Amino acid sequence: CYGPHYLKMSVFERKQSLYEQYRFKCECDACAGQIESLSGARPVPAGLRCLKCKSGQVMCTRIDQIRCEACAATLNYYHYWKMFNTLNKDIDAVNLSAATNADEWRKAIGKLVGIAAEFREHLLLSEQNRLEKEASVHDNCKIFYLSYSKVIDMLARLYCNLEEYERAGELVEGNVQLLEYLYKFDEKKTATAGGVDGGGETTTPESGSENATVEIAHELFKLAEIQCNCGRFEQASVNLNRSIKIAECVY
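Numbers given in this note's numbering equal positions in the sequence shown, counted from 1, plus 58.
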């Protein structure tokens, strides 16, 4: 896509934004692939919980329609988009730069914990911020998980302010795993970028960095800093090196 990234905007939002701004009907691989996957005869997992029964996983049955496996409710993708858009506004209302002392930090934590819980009601995530076993998230719905990731990152920053580094480290570690899944990141490919792979084939930086994202590198760097504050220097060194390897691919 030109401009909007396929993991940060849904196919509907991307195509509408591009058309309104440039009168351009995008037919890139990402747009075409996401539309095709939602236009087939077989339903595909959305990676969301039902808005009605709150327990069943919903399946994309058409490009604009979602159906719950448990209660058979038929929903619209835009119902989810509207709900998560409201939660995003709640996130933006939490101004971390305005919080300057422990009481204000804890107050902000309370708000963000509540927002995170609302996200988890409709995402396939545990309270430990881990994806449920065998969870599958459609590309159109990954944007909601990225918003949740932002909440967890903000919470980690606040816990660091309070010098609760162990709690902050747990949050960032979970965030790394979530981002690796969302960006389909393969660290083994990144490790062989620009060298020789296990089969003796020469690789280029591009072949290993296709899904190496700066977001993962930044999150690993944060984790390394937190682990240093916890005195876990060996783990910090490992994660710092992982961050550098990804950054070398990206930059």
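C-beta: ideal position from N, C-alpha, C; glycine also.
Model, not experiment: these values are computed from the prediction.
I need the straight-line Cα distance from residue i to residue j, nearest angstrom please.
i: Ala294; j: Glu127; result: 42 angstroms
i: Glu85; j: Asp197; result: 16 angstroms
i: Gln227; j: Leu278; result: The residue asked about is misnamed: residue 227 is Gly in this sequence, not Gln. Gly227 and Leu278: Cα-Cα distance of roughly 10 angstroms.
i: Val195; j: Phe82; result: 28 angstroms
i: Asp87; j: Leu220; result: 45 angstroms
i: Ala166; j: Ser155; result: 11 angstroms
i: Arg225; j: Arg290; result: 14 angstroms
i: Lys147; j: Ile304; result: 31 angstroms
i: Ile302; j: Val116; result: 38 angstroms
i: Leu306; j: Ala174; result: Reading the sequence as shown, one finds Glu at residue 306 and not Leu. Taking the straight line joining both Cα atoms gives about 33 angstroms.
i: Asn134; j: Pro101; result: 14 angstroms
i: Asp150; j: Arg215; result: 15 angstroms
i: Cys199; j: Met212; result: 21 angstroms
Under 8 angstroms between the Cβ atoms of residue i and residue j?
i: Cys118; j: Ala131; result: no
i: Glu190; j: Ser184; result: yes
i: Ser207; j: Leu145; result: no
i: Leu170; j: Val152; result: yes
i: Leu236; j: Asn187; result: yes
i: Lys112; j: Cys89; result: no
i: Ile274; j: Glu231; result: no
Over the uninterrupted beta strand (DSSP E) stretch that includes residue i, give me the two end residues.
i: Val152; result: From DSSP, Val152 is part of no beta strand (DSSP E); its letter is neither H nor E.
i: Val102; result: Val102 to Arg107
i: Leu220; result: Run containing Leu220: none; DSSP gives neither H nor E here.
i: Cys125; result: It is Arg, not Cys, that sits at residue 125 in the sequence shown. Looking at the DSSP string, the run of the beta strand (DSSP E) that includes Arg125 is Gln123 to Cys126.
What's the call for residue i, buried or exposed, on a 16-neighbour Cβ count within 10 Å?
i: Gly258; result: Interpretation of Gly258 is limited by its pLDDT of 38, a score under 50 that renders its predicted location unreliable; the figure taken from the coordinates is listed afterwards. Exposed, because fewer than 16 other Cβ atoms sit within 10 Å of the Cβ of Gly258.
i: Ala242; result: Before going on, a small fix: residue 242 reads as Lys here, not Ala. With fewer than 16 other Cβ atoms within 10 Å, it is exposed.
i: Thr271; result: buried
i: Tyr13; result: One cannot answer for residue 13 here, as it falls past the ends of the chain, which runs 59 to 309.
Tell me, to the nearest whole angstrom, how far the beta carbon of residue i is from that of residue j; I am working on the premise that it is less than 8 angstroms.
i: Ile201; j: Leu229; result: That pair is no contact at about 20 angstroms.
i: Asn287; j: Tyr223; result: 4 angstroms
i: Leu106; j: Tyr138; result: 6 angstroms
Considering just the uninterrupted stretch of the alpha helix (DSSP H) at residue i, what are its terminal residues?
i: Leu133; result: Element bounds for Leu133: not the alpha helix (DSSP H) but the beta strand (DSSP E), Thr132 to Asn134.
i: Gln285; result: Val272 to Asn287
i: His180; result: Ala160 to His180
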